[in-house]
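First up is the structure itself, then whatever we jot down about it.
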Amino acid sequence: MKLYVILFTLILLISFCTSTDQLLARRSLQDYVDHFVDTGKIQFRGGTLKLNDTVIRQIWSFFKAKYHRLYSSNGEEGERLRIFVKHLKYVLKSNFEKSHTYQLGLNQFSDWTLAEFDALKKGLKVPLRLRRNIMDDESDEGALQRSLTRLYQRHDDSRRLKQNLQKRRYKDRRFSDDWFDKLLNQERDNNDTNPLPNVFDWRTKNVVSPIKNQGRCGSCYAFASVAVLETVYAIKTNAEKVTEFSPQQIVDCSSEEYDNSGCFGGLFQPTMNYLIGKGGKIATDTSYPYIGKQDSCRTDGINEIDLGQVEYVDIPVGDEKQMAEALIKNGPIFIGLDADSELFMFYQSGILKIDSCPNGRYDMDHAMVVVGYAYDEELKLPYWIIKNSWGTGWGESGYLRLVKDADNMCGIATMASYAKLT
Numbered sequence: 296m297k298l299y300v301i302l303f304t305l306i307l308l309i310s311f312c313t314s315t316d317q318l319l320a321r322r323s324l325q326d327y328v329d330h331f332v333d334t335g336k337i338q339f340r341g342g343t344l345k346l347n348d349t350v351i352r353q354i355w356s357f358f359k360a361k362y363h364r365l366y367s368s369n370g371e372e373g374e375r376l377r378i379f380v381k382h383l384k385y386v387l388k389s390n391f392e393k394s395h396t397y398q399l400g401l402n403q404f405s406d407w408t409l410a411e412f413d414a415l416k417k418g419l420k421v422p423l424r425l426r427r428n429i430m431d432d433e434s435d436e437g438a439l440q441r442s443l444t445r446l447y448q449r450h451d452d453s454r455r456l457k458q459n460l461q462k463r464r465y466k467d468r469r470f471s472d473d474w475f476d477k478l479l480n481q482e483r484d485n486n487d488t489n490p491l492p493n494v495f496d497w498r499t500k501n502v503v504s505p506i507k508n509q510g511r512c513g514s515c516y517a518f519a520s521v522a523v524l525e526t527v528y529a530i531k532t533n534a535e536k537v538t539e540f541s542p543q544q545i546v547d548c549s550s551e552e553y554d555n556s557g558c559f560g561g562l563f564q565p566t567m568n569y570l571i572g573k574g575g576k577i578a579t580d581t582s583y584p585y586i587g588k589q590d591s592c593r594t595d596g597i598n599e600i601d602l603g604q605v606e607y608v609d610i611p612v613g614d615e616k617q618m619a620e621a622l623i624k625n626g627p628i629f630i631g632l633d634a635d636s637e638l639f640m641f642y643q644s645g646i647l648k649i650d651s652c653p654n655g656r657y658d659m660d661h662a663m664v665v666v667g668y669a670y671d672e673e674l675k676l677p678y679w680i681i682k683n684s685w686g687t688g689w690g691e692s693g694y695l696r697l698v699k700d701a702d703n704m705c706g707i708a709t710m711a712s713y714a715k716l717t
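Counting from 1 along the sequence shown, just add 295 to a position and that's the residue number in my numbering.
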């Protein structure tokens with residue numbers, strides 16, 4: 296009899312744990328927070344947020360359970376709770392302001408500082424040619440080189456360097472010619488007789504792979520580069536199913552000779568040069584799976600796809616119309632964005648529109664992929680559809696909508712490029 300009681304109790308416990316896990320998986324953290332708003336336990340009156348400690352503790356417990364957070368000490372948990380509450384208040388205040396065209400939501404980053412977020416979830420680095428131009432004009436070459444080396448290892452160094460570069464107003468060759476590009480683009484626009492469609496989305500053509508998660512590695516450039524190639528290759532081969540390529544191969548193998556830096560950042564051009572240098576071959580994701588850190592470059596036991604002849608093209612700076620044309624004609628666009636904001640960190644839905652968002656070359660810190668564009672009739676705003684690499688729990692199932700044709704918002708057309716396979 297006792298044995299039956301024990302077995303019955305175990306079954307109940309397993310069922311309870313299973314149902315709890317399923318509930319946590321189904322319900323987002325922000326949905327849980329919004330429940331307290333809907334029931335009046337969180338209020339915003341006269342510009343002041345009404346939020347008591349009991350509610351905070353309940354939300355904190357839900358967060359820890361959902362994302363399996365365990366802290367090494369009470370002191371660490373206290374510090375993480377402080378960070379969490381700061382983000383909670385930021386998100387709530389933003390969402391209470393009805394004038395926004397977007398909604399924010401707490402997520403898996405809610406106990407991270409912005410510095411940790413920048414260091415671990417991005418990975419777009421200053422290109423070698425820009426570093427060389429800076430070094431030519433910098434009197435203290437050793438000091439600047441050391442700062443650049445630490446650029447993606449220490450967030451504070453990154454911000455300090457960014458500020459110094461902006462003050463000195465150094466210019467990369469490509470960006471010093473912006474005025475000339477604009478002149479040419481204006482003439483081209485005047486002669487353009489082929490209007491673009493109002494809506495375009497490569498996802499509807501079944502040539503875009505699922506959303507991935509780069510984890511705690513600054514490898515966004517690898518995921519974005521691979522995402523571009525996956526779709527272009529699917530288009531080229533008329534594939535019924537997208538072949539998924541290996542960002543881990545890019546992280547492991549394109550570093551030293553090609554100027555990428557593994558989990559400390561990289562760019563589209565060095566990645567393409569790496570693939571060109573190896574005859575246009577790239578490993579499949581299943582044969583060279585992602586591990587979230589840089590490892591030694593593997594050459595044995597992997598399945599590589601022959602892409603053919605690989606080329607890449609840079610889109611003139613700030614030219615969103617040409618970017619749309621290239622998107623339709625060639626495939627998804629690799630882009631850089633200035634994502635140095637809690638608005639990106641906690642973006643949940645809607646069309647992101649940020650006043651005075653920087654769009655200079657030195658501000659770009661995260662790589663994503665434009666897969667389409669459309670128009671929101673309710674908000675009366677055009678927008679880009681952008682694929683990210685932070686998992687499906689971020690944004691609109693892993694995607695971002697960013698306002699389109701708004702003076703190169705956040706640098707969406709500052710370092711845009713696409714690939715061609717022949």
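Each residue gets a CB set at the ideal place from its N, CA and C atoms; glycine is no exception.
Just so you know, these numbers come straight off a predicted model, no measurement behind them.
Alpha helix (DSSP H) segments (min. 4 residues) lying fully within the region 477 to 541: 515 to 532
Segment contact, 8 Å Cβ cut-off, at least three pairs: the region 621 to 635 with the region 651 to 669: yes
Same chain only: Cβ atoms within 7 Å of Gln719, ignoring 5 sequence neighbours per side: Not covered by the structure: residue 719. The range shown for the chain is 296 to 717.
Residue from Gly510, Glu615, Phe358 with nearest C-alpha to Ala708: Glu615
Whole-angstrom distance between Leu419 and Gly335, CA atom to CA atom: 42 Å
Opening and closing residue of the alpha helix (DSSP H) in which Ala578 lies: Element bounds for Ala578: not the alpha helix (DSSP H) but the beta strand (DSSP E), 576 to 578.
Per DSSP, cross-strand counterpart(s) of Leu695: Ile681
Neighbourhood of Leu647 by C-beta, 6 Å cutoff - its chain only, sequence neighbours within 5 removed: Tyr397, Leu697
The region 508 to 520 in contact with the region 539 to 546 per 3-pair CB rule at 8 Å: yes
Reference Asp326, options Phe518, Gly688, Thr343, closest by Cα: Gly688
Alpha helix (DSSP H) segments (min. 4 residues) lying fully within the region 329 to 369: 348 to 361
Tyr503 burial status per 10 Å Cβ neighbour count (16 or more: buried): Going by the sequence as given, residue 503 is Val instead of Tyr. Counting Cβ neighbours within 10 Å, Val503 comes out buried, since at least 16 surround it.
Top-ranked residue by Cα proximity to Tyr569, from Tyr362, Cys548, Arg498, Leu387: Cys548
Contact set for Gly596: own chain, Cβ-Cβ below 6 Å, skip 5 residues either direction: none
Same chain, Cβ closer than 7 Å to Pro565, five either side skipped, listed in chain order: Ser549, Tyr553, Asp554, Asn555
Inter-residue Cα distance where the pair is Asp580 and Ile586: 11 Å
Delimiting residues of the alpha helix (DSSP H) encompassing Phe412: 409 to 416
Distance, Met704 Cα to Ala360 Cα: 37 Å
Inter-residue CB distance, Asp660 and Lys417 (contact presumed, cutoff 8 Å): 5 Å
Beta-carbon separation (whole angstroms), Met567 vs Gly631, contact threshold 8 Å: Contact flag wrong, Cβ pair sits at about 15 Å.
Touch test, the region 671 to 678 against the region 522 to 541, Cβ-Cβ under 8 Å, three pairs minimum: no
Expected contact under 8 Å - CB spacing of Arg401 and Val380 to nearest Å: Arg is not the amino acid found at residue 401; the sequence shown has Leu there. That pair is no contact at about 11 Å.
Whether Trp685 touches Asn533 by CB criterion (8 Å): no
Whole-angstrom distance between Arg340 and Phe559, CA atom to CA atom: 44 Å
Range covered by the alpha helix (DSSP H) that runs through Tyr583: That residue, Tyr583, is in no alpha helix (DSSP H); it is neither H nor E in DSSP.
Among Phe641, Gly645, Ala634, nearest to Pro653 - alpha-carbon criterion: Ala634
Counted within 10 angstroms of its Cβ, other Cβ atoms place Leu446 as buried (16 or more) or exposed: Residue placement at Leu446 cannot be trusted, given a pLDDT of 40 that sits under 50; what the coordinates show is reported in the next sentence. Under this definition Leu446 is a buried residue.
Where Arg454 falls: helix, strand or coil (DSSP): Note that Arg454 scores 45 on pLDDT, short of 50, meaning its location in the model is unreliable; the coordinates nonetheless yield the value given after this. It is helical.
For Ser405, the three-state DSSP class (helix, strand or coil): coil
Reduced DSSP secondary structure (H/G/I, E/B, other) of Ala701: coil
Unbroken alpha helix (DSSP H) run spanning Leu570, endpoints: 563 to 572
Beta-carbon proximity of Ile623 to Gln617, cut-off 8 Å: no
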